[in-house]
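Working notes for the structure below.
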Amino acid sequence: MTNLYKYRSFGVNSLRELCQSEVHFSDPKKFNDPLDCSPTLINDVGLEDLEKLCHRMIEKNYDEDRANSEIQNYRYLSTEYGDYRTDPEVQKYYVRMISDEIKRQLDQMMKSRGVLSLSSLWNSPLMWSHYADEHKGICIEYDISRAVCENPKMVDYKGGRGIYISHIVDFVFKNSETSKKEIEHKYFYTKAGQWDYEEEWRYVSDYQGSQSVPFPLSGVYFGMRCEISVISSIVKLLGGVDSKAKFYKTYASENSFDLDRRELEIEELIACTPRSSARLAFGSIQNGIQA
Numbered sequence: 038m039t040n041l042y043k044y045r046s047f048g049v050n051s052l053r054e055l056c057q058s059e060v061h062f063s064d065p066k067k068f069n070d071p072l073d074c075s076p077t078l079i080n081d082v083g084l085e086d087l088e089k090l091c092h093r094m095i096e097k098n099y100d101e102d103r104a105n106s107e108i109q110n111y112r113y114l115s116t117e118y119g120d121y122r123t124d125p126e127v128q129k130y131y132v133r134m135i136s137d138e139i140k141r142q143l144d145q146m147m148k149s150r151g152v153l154s155l156s157s158l159w160n161s162p163l164m165w166s167h168y169a170d171e172h173k174g175i176c177i178e179y180d181i182s183r184a185v186c187e188n189p190k191m192v193d194y195k196g197g198r199g200i201y202i203s204h205i206v207d208f209v210f211k212n213s214e215t216s217k218k219e220i221e222h223k224y225f226y227t228k229a230g231q232w233d234y235e236e237e238w239r240y241v242s243d244y245q246g247s248q249s250v251p252f253p254l255s256g257v258y259f260g261m262r263c264e265i266s267v268i269s270s271i272v273k274l275l276g277g278v279d280s281k282a283k284f285y286k287t288y289a290s291e292n293s294f295d296l297d298r299r300e301l302e303i304e305e306l307i308a309c310t311p312r313s314s315a316r317l318a319f320g321s322i323q324n325g326i327q328a
């Protein structure tokens, strides 16, 4: 994979990021798909290990007193229905409460992470519609082959949502790198199959918000409905003497629903904008005719 693409509407945020060579790592809890970055847990460990895991995770995120208090509280709540140690149905209820708490603690561990979503496609009509202001926005091309960070990971559209609790046990107690990667894969890199048209690749950061871009911008694509003022502004911003970025205008293929592109001439765009005021240019002539 050499190039990846980011669809954007044109506005203050996208202009600032272009000016400052930044990209935005989003809070996954604000994604348009509530199932994205929201895995489920599959319990494959015994009750004792489940309790120990829950206690350790609360202790790690908060403190030991809170961990002891939470476990005691869940035990007390379960006694309303019987003894969780001897009654299988009550134990199921207790296990579910503990598992839900483990999920909350896992979310707490991951909550500061930010996600940068990119695509391997510049010519997806759906993504132009959804993420680039109905073709009025832009699509930014990045040269991933020159990145100064680890490679992005492709989103898995065929995997399930479930994380085995045994993987969390191995990660929390044994610091297992294999289990850590499996958890992160399920948490950040797995989506429903219906989204596969996006051909998404992701970078995950420890932090959210705008950060310095770790790979060079190599091109900008302008949507079919993108105004000339937007095109001219971005070309003048990025198309300096030392710039290696290329600029393209997208258009509809003549005999299909596909999108094509044509490269724009930077010098021509710079020369023709901004346009001179017609009123200022021809006002004196009009006044002479009226006189």
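Numbering (this note's numbering), first residue to last: 38 to 328. Just so it is clear, CB atoms sit at the ideal spot from N, CA and C, and this is done for glycine as well.
Per DSSP, Leu-78 is one residue of the beta strand (DSSP E) stretching across 77-79.
Between Cys-176 and Asp-233, the alpha-carbon positions lie close to 19 Å from each other. In the DSSP assignment, Asp-297 is bridged to Tyr-288.
Following the DSSP letters along the chain, one finds Val-192 in no beta strand (DSSP E), marked with neither H nor E. According to the DSSP assignment, Arg-45 belongs to no alpha helix (DSSP H) but to the beta strand (DSSP E) extending over 40-45. Nearest neighbour of Leu-55 by Cα position, chosen from Lys-286, Ala-282 and Arg-299, turns out to be Ala-282. When DSSP states are grouped into helix, strand and coil, Lys-140 belongs to the helix group.
Using a Cβ-Cβ distance cut-off of 8 Å, the region 107-119 and the region 244-261 are not in contact, since fewer than three pairs of beta carbons, one from each stretch, lie closer than that value. Between Ile-200 and Ile-79, the CB-CB gap stays under 8 Å. In its own chain, leaving out the 5 sequence neighbours on each side, no residue places its CB closer than 7 Å to the CB of Glu-304.
In the three-state DSSP reduction, Lys-283 falls in the strand class (E or B). One Cα belongs to Ser-242, the other to Ser-106, and the distance between them is close to 33 Å.
Judged by beta-carbon spacing, Val-49 lies beyond the 8 Å limit of Gln-248, meaning their Cβ atoms are not closer than that value.
Relative to Ser-269, the option among Ser-216, Asn-160 and Tyr-285 whose CA is nearest is Tyr-285. For the region 43-127, the continuous beta strand (DSSP E) assignments of 3+ residues that do not extend past its boundaries occur at 59-62 and 77-79, in sequence order. Note on Pro-71: under 16 other CB atoms within 10 angstroms of its CB, so exposed under the neighbour-count rule.
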